[in-house]
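Novice:
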Amino acid sequence: MLIDINLLPKKERKSSGIIFTSLAFAALFLAVGGFLYWQGATLKNEIAVVENRIDTTKKIAALEERKANEVVSADSAFKLSQGIEWAEQYTIPSVPVMKEFTKMLPERGYILTYAYQETGQLALTVQFDSSREAAYFLNRLNKSNWVKDADLSSLSAAGNGEEQIADATGAVKAASSLNKKEYLPRYTGQFQITLNKDVIKTAIQEEGEDGS
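Numbering follows numbering that gives the first Met the number 0, with no gaps: position 52 of the sequence shown is 51.
1) Report yes if the CB atom of G188 is closer than 7 Å to the CB atom of A133, and no otherwise.
2) Looking at C-beta atoms only, is the number of pairs between the segment 131 to 147 and the segment 100 to 113 that lie closer than 8 Å three or more?
3) Say whether the segment 91 to 98 touches the segment 68 to 82, bearing in mind that this needs 3 or more beta-carbon pairs closer than 8 Å, one atom from each stretch.
4) Bridge partners for Y109 per DSSP, in chain order?
5) Which of the three DSSP states, helix, strand or coil, is assigned to L137?
6) Which residue comes first and which comes last in the beta strand (DSSP E) that contains T118?
7) Considering S93, what are the terminal residues of the alpha helix (DSSP H) in which it resides?
8) Alpha carbon to alpha carbon, what distance is there between D54 and E64?
9) Which whole-angstrom value describes the C-beta separation of A149 and F190, a residue pair presumed to lie in contact below a C-beta threshold of 8 Å?
In structure tokens:
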């Protein structure tokens with residue numbers, strides 16, 4: 000008795016299972032690959048957006064910094080202009096003033112110190128041979144058109160212990176004295192002077208024009 004065994008259907012089912020499994024894996028691979036590709040593309044886009052924002056922020060910061068520098072430069076230029084204007088209006092060259100006052104000194108008179116203030120006040124310390132010379136110098140100061148007002152605030156004698164005090168008119172009074180035959184003192188006077196700035200500037204300008 001012969002037995003007929005048909006194995007073909009079994010082979011077909013096995014082949015179909017392998018194909019189905021392969022297709023499933025292929026589909027899963029494609030899905031995973033597509034997801035990863037999508038994620039990568041999305042990440043690249045986000046990175047590009049962030050980089051673009053950073054670049055824009057840098058440009059804005061550079062623009063603001065440039066504007067700030069322009070404002071600072073303009074402010075500095077304005078302050079410089081104000082400083083120059085102030086200097087032209089309030090300051091007076093010291094050399095011409097010193098020359099003018101030196102001309103008023105007696106033969107053996109010497110200016111020891113010179114202090115000028117913005118308000119036009121000038122403090123002079125001058126050395127003389129006698130109190131008479133100090134009074135003479137004060138008189139010449141008050142007659143000068145470069146001076147609004149001059150005052151001898153103090154006068155002291157060095158070398159013999161004698162102290163002198165000057166009143167508002169410039170008259171000198173001795174506080175104490177020694178034997179003048181034994182000493183020849185030198186007198187030091189403190190002068191407070193108010194300058195006539197407009198007159199001085201005009202005189203300096205005219206002198207410069209004449210010398211040019």
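Each residue gets a CB set at the ideal place from its N, CA and C atoms; glycine is no exception.
Specialist: On the basis of the data shown:
1) Yes, the Cβ-Cβ distance between G188 and A133 is below 7 Å.
2) yes
3) no
4) Q126
5) Looking at L137 - three-state DSSP - the assignment turns out to be helix.
6) Counting along the chain, T118 falls outside any beta strand (DSSP E), and DSSP gives it neither H nor E.
7) 93 to 103
8) 15 Å
9) 6 Å
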